[in-house]
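Everything on this sheet refers to the single structure shown next.
Residue numbers (the numbering used here): 2 to 420.
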């Protein structure tokens, strides 16, 4: 009886062991035969570019990456620069996923303060940091010693001018802002204005004023002093002498570039990338490009866009970011966007719009370029400066430049202290 029970128990144990082995075999074979998921990982990128050529190059780069990466799709959405803060805040609130954001360097500290970007400090190696040609560009991606992005373009404000008129009248390029005002009057002809600068958006007005402010020895903490007042005085004088279009407050960077190409303005302060627009038009004169006038300091202020990975980014976002900084990829981006080269080993190839002095810009900005202080209160600072410039341009304004400057200073000071 005991032997029979033992045999029965042994049979049950063997049966269970065989069942376990069989189930494990089925499970293993099931996992082996299970086809891999073909679902693509979608990477979403926000970019501020409105120019067709700028949009096109990023789309081409994204498509090339998709062709070499496995199961990755890259979707790029182009937004108006003025809508960036609102759009990003709305997406954060709604939980809508965005993986990478390309943004103006001036606004990045404010976006970092909002918690938009993840800390990339471990990704910023010494080699990566030294690969950037204009080291000052790193200032706007840092906060409390940590890195939240990488410089993506270098697109400073420069002076475009009608070379034919200057040669015809035997006039020289302006060395300071006073000379620019005088030259504007001397080259102005019937049907054209001597000078123009972008003034439609808040950031455009702020960018131009900042170039003058810092070159005149001022900064955002002393707008109510000589440099800040002098910068407003230049704008007011250009308006009083009718050297700038009456409705310049309605002109964007793009509007101004087309007006310059048509001969409606003889000089303009604009982003270097405006070359793309000039090249797409039929100009009947030879344009030139040089740095904006200086005063106490040069006006070689380093500007451009940065790119950062968001706090909620998918795992593949960093791989795409690395792809963007491959030398041949970055060189394509620089060439297509008509900006200064960001990488040390990027050979600068300015596409000729006609013979000009533009080839020298890369070296000049490398030797003399500097960045203006970055603030996480940028949106408030920009609003205060923009309002002041708007008042100076408004024909109905009766306030003195000293009063407007003092008001700008107080608003900026409060914004900085609150942060």
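Idealized CB from N, CA, C, for every residue including glycine.
Straight-line Cα distance separating residue j from residue i
{"i": "residue 53", "j": "residue 125", "result": "31 Å"}
{"i": "residue 32", "j": "residue 150", "result": "In this predicted model, residue 32 has a pLDDT of only 32, less than 50, meaning its place in the structure is not dependable; the value taken from the coordinates is given anyway. Distance between the alpha carbons of residue 32 and residue 150: 40 Å."}
{"i": "residue 28", "j": "residue 71", "result": "In this prediction, residue 28 has a pLDDT of 38, which is less than 50 and means its spatial position is unreliable; what the coordinates show is noted afterwards. Each residue's alpha carbon lies about 27 Å from the other."}
{"i": "residue 106", "j": "residue 376", "result": "11 Å"}
{"i": "residue 74", "j": "residue 283", "result": "38 Å"}
{"i": "residue 420", "j": "residue 90", "result": "18 Å"}
{"i": "residue 432", "j": "residue 211", "result": "Outside the modelled stretch of the chain, which goes from 2 to 420, sits residue 432, for which no answer is possible."}
{"i": "residue 184", "j": "residue 76", "result": "47 Å"}
{"i": "residue 343", "j": "residue 276", "result": "17 Å"}
{"i": "residue 415", "j": "residue 92", "result": "28 Å"}
{"i": "residue 202", "j": "residue 83", "result": "7 Å"}
{"i": "residue 160", "j": "residue 288", "result": "10 Å"}
{"i": "residue 303", "j": "residue 137", "result": "7 Å"}
{"i": "residue 431", "j": "residue 190", "result": "No answer is possible for residue 431: it lies beyond the span of the chain, which begins at 2 and ends at 420."}
{"i": "residue 158", "j": "residue 231", "result": "19 Å"}
{"i": "residue 418", "j": "residue 167", "result": "46 Å"}
{"i": "residue 249", "j": "residue 270", "result": "12 Å"}
{"i": "residue 196", "j": "residue 146", "result": "41 Å"}
{"i": "residue 128", "j": "residue 368", "result": "21 Å"}
{"i": "residue 244", "j": "residue 186", "result": "6 Å"}
{"i": "residue 251", "j": "residue 258", "result": "13 Å"}
{"i": "residue 238", "j": "residue 100", "result": "46 Å"}
{"i": "residue 48", "j": "residue 79", "result": "5 Å"}
{"i": "residue 335", "j": "residue 397", "result": "43 Å"}
{"i": "residue 363", "j": "residue 152", "result": "16 Å"}
{"i": "residue 402", "j": "residue 301", "result": "25 Å"}
Span of the beta strand (DSSP E) around residue i
{"i": "residue 77", "result": "73 to 79"}
{"i": "residue 157", "result": "Segment: none, residue 157 is in no beta strand (DSSP E) and carries neither H nor E."}
{"i": "residue 290", "result": "288 to 291"}
{"i": "residue 104", "result": "101 to 105"}
Proximity of residue i and residue j at Cβ, strictly below 9 Å
{"i": "residue 1", "j": "residue 188", "result": "The structure shown has nothing for residue 1, since the chain only spans 2 to 420."}
{"i": "residue 58", "j": "residue 337", "result": "yes"}
{"i": "residue 148", "j": "residue 115", "result": "no"}
{"i": "residue 200", "j": "residue 325", "result": "no"}
{"i": "residue 321", "j": "residue 66", "result": "yes"}
{"i": "residue 413", "j": "residue 307", "result": "no"}
{"i": "residue 430", "j": "residue 280", "result": "The structure shown does not extend to residue 430, since the chain is modelled only from 2 through 420, so no value can be given for it."}
{"i": "residue 51", "j": "residue 309", "result": "no"}
{"i": "residue 339", "j": "residue 273", "result": "yes"}
{"i": "residue 216", "j": "residue 264", "result": "no"}
{"i": "residue 81", "j": "residue 45", "result": "no"}
{"i": "residue 242", "j": "residue 182", "result": "yes"}
{"i": "residue 305", "j": "residue 207", "result": "no"}
{"i": "residue 405", "j": "residue 233", "result": "yes"}
{"i": "residue 218", "j": "residue 298", "result": "yes"}
For residue i, three-class secondary structure by DSSP
{"i": "residue 44", "result": "strand"}
{"i": "residue 175", "result": "coil"}
{"i": "residue 148", "result": "strand"}
{"i": "residue 243", "result": "coil"}
{"i": "residue 311", "result": "strand"}
{"i": "residue 129", "result": "helix"}
{"i": "residue 143", "result": "strand"}
{"i": "residue 223", "result": "coil"}
{"i": "residue 112", "result": "helix"}
{"i": "residue 181", "result": "helix"}
{"i": "residue 303", "result": "coil"}
{"i": "residue 344", "result": "strand"}
{"i": "residue 259", "result": "helix"}
{"i": "residue 162", "result": "strand"}
{"i": "residue 197", "result": "strand"}
{"i": "residue 295", "result": "strand"}
{"i": "residue 229", "result": "helix"}
{"i": "residue 280", "result": "helix"}
{"i": "residue 137", "result": "helix"}
{"i": "residue 373", "result": "coil"}
{"i": "residue 210", "result": "helix"}
N- and C-terminal bounds of the alpha helix (DSSP H) containing residue i
{"i": "residue 403", "result": "402 to 419"}
{"i": "residue 271", "result": "First-last for residue 271: 268 to 272, but that is the beta strand (DSSP E), not the alpha helix (DSSP H)."}
{"i": "residue 116", "result": "It is not in any alpha helix (DSSP H) - residue 116 carries neither H nor E in the DSSP assignment."}
{"i": "residue 390", "result": "379 to 394"}
{"i": "residue 54", "result": "53 to 69"}
{"i": "residue 170", "result": "Residue 170 -> no alpha helix (DSSP H), and no H or E assigned at all."}
{"i": "residue 191", "result": "No alpha helix (DSSP H) contains residue 191, which DSSP labels as neither H nor E."}
{"i": "residue 319", "result": "318 to 325"}
{"i": "residue 369", "result": "362 to 369"}
{"i": "residue 336", "result": "328 to 338"}
{"i": "residue 89", "result": "85 to 95"}
{"i": "residue 217", "result": "It is not in any alpha helix (DSSP H) - residue 217 carries neither H nor E in the DSSP assignment."}
Chain D within 9 Å of residue i, Cβ atoms only
{"i": "residue 78", "result": "Any reference to chain D falls outside this structure, which holds one protein chain only."}
(message) Tell me whether the stretch 310 to 317 and the stretch 162 to 181 touch, counting them as touching only if at least three CB pairs, one residue from each stretch, are closer than 8 Å.
(response) no
(request) Specify whether the stretch 406 to 417 and the stretch 375 to 395 touch according to this definition: at least 3 beta carbon pairs, one from each stretch, less than 8 Å apart. (result) Taking a cut-off of 8 Å on C-beta distances, the stretch 406 to 417 touches the stretch 375 to 395, as three or more cross pairs fall below it.
(request) Would you be able to state if there are at least three C-beta pairs under 8 Å between the stretch 287 to 297 and the stretch 175 to 183? (result) The stretch 287 to 297 and the stretch 175 to 183 touch, with three or more beta-carbon pairs separated by less than 8 Å.
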